[in-house]
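*Asks:* For any residue, its number in this note's numbering is found by taking its place in the sequence shown, counting from 1, and adding 778.
Ideal Cβ positions, reconstructed from N, Cα and C, are used throughout, including at glycine.
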Amino acid sequence: MLETLLQRWQLTTPRERRVVIAGAALLAIAVVWLLLFEPAWDGRRRLQSELPAMRSQVAQIEQLAGEARRLGAVPAGNDAPQAVRARLEQSIDAAGLKPALAQLTLTGNLFELRFKSVPYAAWLAWLEAAARETRLRVVDAAVTRETGIGVVSVRLALEMPRREGR
779 MLETLLQRWQ LTTPRERRVV IAGAALLAIA VVWLLLFEPA WDGRRRLQSE
829 LPAMRSQVAQ IEQLAGEARR LGAVPAGNDA PQAVRARLEQ SIDAAGLKPA
879 LAQLTLTGNL FELRFKSVPY AAWLAWLEAA ARETRLRVVD AAVTRETGIG
929 VVSVRLALEM PRREGR
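#1: Over the uninterrupted beta strand (DSSP E) stretch that includes E911, give me the two end residues.
#2: State the DSSP-derived secondary structure class of D857, mapped to helix, strand or coil.
#3: If the criterion is Cβ atoms closer than 9 Å, does the pair F893 and A880 meet it?
#4: Where does T883 land, buried or exposed, given buried means 16+ other C-beta within 10 angstroms?
#5: Would you call the stretch 928 to 941 in contact with the stretch 897 to 912, where contact means no fewer than 3 C-beta pairs closer than 8 Å?
#6: Enumerate, from N- to C-terminal direction, the unbroken alpha helix (DSSP H) stretches of 4 or more residues contained entirely within the stretch 803 to 870.
#7: Specify, as a first and last residue, the run of the alpha helix (DSSP H) that L780 falls within.
#8: In the DSSP assignment, the beta strand (DSSP E) including T885 goes from what residue to what residue?
#9: Closest to L888 by CA distance: which of A858, E794, K876 is it?
#10: Just reading off the beta strand (DSSP E) that E937 is part of, what are its end residues?
#11: Among D918, R923, T925, which one has its Cα closest to the Cα of M935?
#12: Pull up the distance between the alpha-carbon of V798 and that of F815, whole angstroms please.
#13: Using the three-state DSSP reduction, which class does A800 fall into: helix, strand or coil?
#14: Candidates V862, A908, L905: which alpha carbon is nearest G886's?
#15: What did DSSP end up calling V794 once you bin it into helix, strand or coil?
#16: Quick one: measure Cβ to Cβ for A908 and L866, integer angstroms, because I've assumed they're closer than 8 Å.
Written out as structure tokens, the structure is:
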């Protein structure tokens, strides 16, 4: 078969040979473009558009890892419920929410709190800090809007962390 192709090649005129060579070169360029260059070009363009989102995800992961390290540095939740209650009362007082606290009861490992007419932003900031510092877990929360702007009433249940070995 190769011999037949070589014989035909020898029989072609120089102009036909140039046309065939030019066609083969164009075909080779098209194949290189379609199989090598274009996929790489499209992948590069796609990565450039996805890179900012990936960087923000990495930043979020690093932030969560830092928070996990901070939480790991907090002593284990083996405190007595009364000591946790005292810390809760101190944090409520430090946040300036003591006048809005209507109830703070401890039943087993569950703290039940009720706030009346409390600024929502201040209460939310207190809750985030208190949960982080005491390792209490929110198991139930009901927030009701009051008449003032940004003022709510809150019913909240916080659970003490489970002790290791249980």
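*Replies:* Taking the coordinates as given:
#1: For E911, there is no enclosing beta strand (DSSP E); the enclosing alpha helix (DSSP H) covers residues 898 to 912.
#2: coil
#3: yes
#4: exposed
#5: yes
#6: 816 to 851
#7: Its alpha helix (DSSP H) spans residues 780 to 789.
#8: Residues 879 to 885.
#9: Comparing Cα positions, the closest option is A858.
#10: 929 to 937
#11: In the sequence on display, residue 935 carries Ala and not Met. Ranking the options by Cα distance to A935, first place goes to D918.
#12: 24 Å
#13: Note: A800 maps to helix in three-state DSSP.
#14: V862
#15: Note that residue 794 is Glu in the sequence shown, not Val. Helix.
#16: 6 Å
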